[in-house]
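Plus 131 on top of the position in the sequence shown (first one is 1) and you've got our numbering.
Beta carbons: idealized from backbone N, C-alpha and C, even for Gly.
As the structure is a prediction and not an experimental result, all values here were calculated from the model.
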Amino acid sequence: MKKDEVGHSFLARLGKTRLRPGGRKATEWLISQGQFDQHKKVLEVACNMGTTAIGLVKQFGCKIEGVDLDETVLEKAKQNILLNQLQEKIHVQRANAMKLPFEDSSFDIVINEAMLTMLPVEAKKKAVQEYYRVLKPGGLLLTHDVMLNTNDSETIIQRLRDAINITVTPLTKEGWQEVFSSIGFQKINTFSGDMTLLSPKGLIYDEGIWGALKIIKNALKSENRTTFKKMFKVFNDPSKPLNFIAVCSQKPE
Numbered sequence: 132m133k134k135d136e137v138g139h140s141f142l143a144r145l146g147k148t149r150l151r152p153g154g155r156k157a158t159e160w161l162i163s164q165g166q167f168d169q170h171k172k173v174l175e176v177a178c179n180m181g182t183t184a185i186g187l188v189k190q191f192g193c194k195i196e197g198v199d200l201d202e203t204v205l206e207k208a209k210q211n212i213l214l215n216q217l218q219e220k221i222h223v224q225r226a227n228a229m230k231l232p233f234e235d236s237s238f239d240i241v242i243n244e245a246m247l248t249m250l251p252v253e254a255k256k257k258a259v260q261e262y263y264r265v266l267k268p269g270g271l272l273l274t275h276d277v278m279l280n281t282n283d284s285e286t287i288i289q290r291l292r293d294a295i296n297i298t299v300t301p302l303t304k305e306g307w308q309e310v311f312s313s314i315g316f317q318k319i320n321t322f323s324g325d326m327t328l329l330s331p332k333g334l335i336y337d338e339g340i341w342g343a344l345k346i347i348k349n350a351l352k353s354e355n356r357t358t359f360k361k362m363f364k365v366f367n368d369p370s371k372p373l374n375f376i377a378v379c380s381q382k383p384e
């Protein structure tokens, strides 16, 4: 792992396509809550390589705007969109979650996975306030993040920061609920469980057997082995567990 390379970039370089703490299982729960159909206008914040957006369009035919700050992943997203011939349905651009380039009440659904965890609490609220602003009345916010489920939170947070080479601020279930309710969201439903990002079962479920084998093969290369072992240990340590939380919140009608 390069000195300044962050965890999700490292895993993407190994071949990981699902870069979410609860993997495909948590994303599927969010989608089941989202009331998606071909008439819905959707915003995906931190769209990464476009994996979720492409899946949503193929399944529901909705129109999606995707934003991300990382030009490198946006280029990959554009390539993936072209490869799937979905450029009429998906548009991506560089934008800041805390200053979205969209009018008020523009979207039926906002989906944002594995990004809010990286922000300090006040920045989390600023981003969620923007999601609230661009959602139509009655619109849904779908989020997916890291959840703390222990009193030993400072130790766990520091180990996670060291493993993925980036500052993170995960919250407890109650902490996440407070972020959304403080902005005005209602009907806050949650789904949580053990983090599966690098669990053996999670790798196979998210990437398939051949995809998982490709990741392991790349992880065991000499230049990757130490970093991967460190991340694997932190993400799968039963004595200091990490959890995911998926949240569906509604803007009042």
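Quiz prompt | Beta-carbon proximity list for residue 172, same chain, < 6 Å, skipping 5 on both sides | solution = By 1-based counting over the sequence shown, the position of residue 172 is 41. Counting only Cβ-Cβ distances below 6 Å, and skipping sequence neighbours, we find 194, 238 and 239.
Quiz item: Would you say residue 244 and residue 343 are within 8 Å of each other, going by their C-beta atoms?
Solution: Here residue 244 refers to the residue found at position 113 when the sequence shown is read from its first residue. Here residue 343 refers to the residue found at position 212 when the sequence shown is read from its first residue. Not closer than 8 Å, so no.
Quiz item: Would a check of beta-carbon distances place residue 304 closer than 8 Å to chain B?
Solution: Checking the listed chains, one finds no chain B in this structure; it contains a single protein chain.
Practice problem: Any chance you could list the alpha helix (DSSP H) runs of at least 4 consecutive residues sitting entirely within the segment 243-303, in chain order? | Solution: 252-265 and 284-295
Practice problem: Below 6 Å CB to CB, which residues in the same chain sit around residue 108 once its five sequence neighbours on both sides are set aside? | Solution: The structure shown does not extend to residue 108, since the chain spans only 132 to 384, so no value can be given for it.
Quiz item: Cβ atoms of residue 273 and residue 164: under 8 Å apart, would you say?
Solution: For the purposes of this step, residue 164 is taken as residue 33 along the sequence shown, with counting starting at 1. For the purposes of this step, residue 273 is taken as residue 142 along the sequence shown, with counting starting at 1. Yes. Within cutoff.
Self-check item: residue 149: first and last residue of the uninterrupted beta strand (DSSP E) it sits in
Solution: Position 18 of the sequence shown, counted from the start, is the residue given in the question as residue 149. First-last for residue 149: undefined, no H or E at that position.
Quiz item: Do residue 204 and residue 180 come within 8 Å of each other at the CB atom, strictly closer than that value?
Solution: Here the question's residue 180 lines up with position 49 in the sequence shown. Here the question's residue 204 lines up with position 73 in the sequence shown. Yes, these two residues count as a Cβ contact at 8 Å.
Quiz item: Going along the chain, which unbroken runs of the alpha helix (DSSP H) with 4 or more residues stay wholly within the segment 323-375?
Solution: 331-350 and 353-366
Quiz item: Where does residue 219 fall in DSSP's three states?
Solution: Here residue 219 is taken as the residue at index 88 of the sequence shown, counted from 1. It is coil, neither helix nor strand.
Quiz item: Is any heavy atom of the ligand SAH found at a distance shorter than 7 Å from the C-beta of residue 287?
Solution: Absence of the ligand SAH is noted for the structure shown, with no ligands found whatsoever.
Quiz item: Residues in its own chain within less than 6 Å of residue 335 by CB, not counting five upstream and five downstream?
Solution: By one-based count along the sequence shown, residue 335 stands at place 204. Here the set comprises 343.
Quiz item: Around the C-beta of residue 261, are 16 or more other C-beta atoms found within 10 angstroms, so that it is buried, or is it exposed?
Solution: Start at 1 with the first residue of the sequence shown, and residue 261 comes out as number 130. That one is buried.
Exercise. Quick one: residues in its chain with C-beta nearer than 6 Å to the C-beta of residue 145, no 5 flanking neighbours on either side, listed in chain order?
Key: Start at 1 with the first residue of the sequence shown, and residue 145 comes out as number 14. Answer for residue 145: 346, 349 and 350, listed in chain order.
Quiz item: Who are residue 378's beta bridge partners in DSSP?
Solution: Position 247 of the sequence shown, counted from the start, is the residue given in the question as residue 378. For residue 378, which the question treats as bridged, DSSP gives the partners 274 and 321.
Quiz prompt | Element boundaries [beta strand (DSSP E), containing residue 172] | solution = Mapped onto the sequence shown, residue 172 falls at position 41. Note, residue 172: beta strand (DSSP E), 172-176.
Quiz prompt | Beta-carbon gap between residue 187 and residue 241 smaller than 8 Å | solution = Locating residue 187 in the sequence shown gives position 56, counting from the first residue. Locating residue 241 in the sequence shown gives position 110, counting from the first residue. No, the pair does not count as a contact, with Cβ atoms beyond the cut-off.
Quiz item: Looking at C-beta atoms only, is the number of pairs between the segment 250-257 and the segment 201-215 that lie closer than 8 Å three or more?
Solution: no
Quiz item: Which value, in whole angstroms, describes the spacing of the CA atoms of residue 271 and residue 331?
Solution: Looking up residue 271 in the sequence shown gives position 140. Looking up residue 331 in the sequence shown gives position 200. About 32 Å.
Self-check item: Nonlocal neighbours in the same chain, by C-beta distance under 7 Å from residue 161, ignoring five residues either side
Solution: On the sequence shown, residue 161 is found 30 positions in, with the first residue counted as 1. Once the five neighbours on either side are set aside, the close Cβ partners of residue 161 are 242, 273, 275, 377 and 379.
Quiz item: Per DSSP, what kind of secondary structure is residue 196 in: helix, strand or coil?
Solution: Residue numbering aside, residue 196 sits at position 65 when the sequence shown is read from its first letter. In the structure shown, residue 196 sits in a strand (DSSP, three-state: E or B).
Exercise. Kindly indicate which three-state DSSP category residue 167 falls into: helix, strand or coil?
Key: Indexing the sequence shown from 1 puts residue 167 at position 36. Coil, per DSSP.
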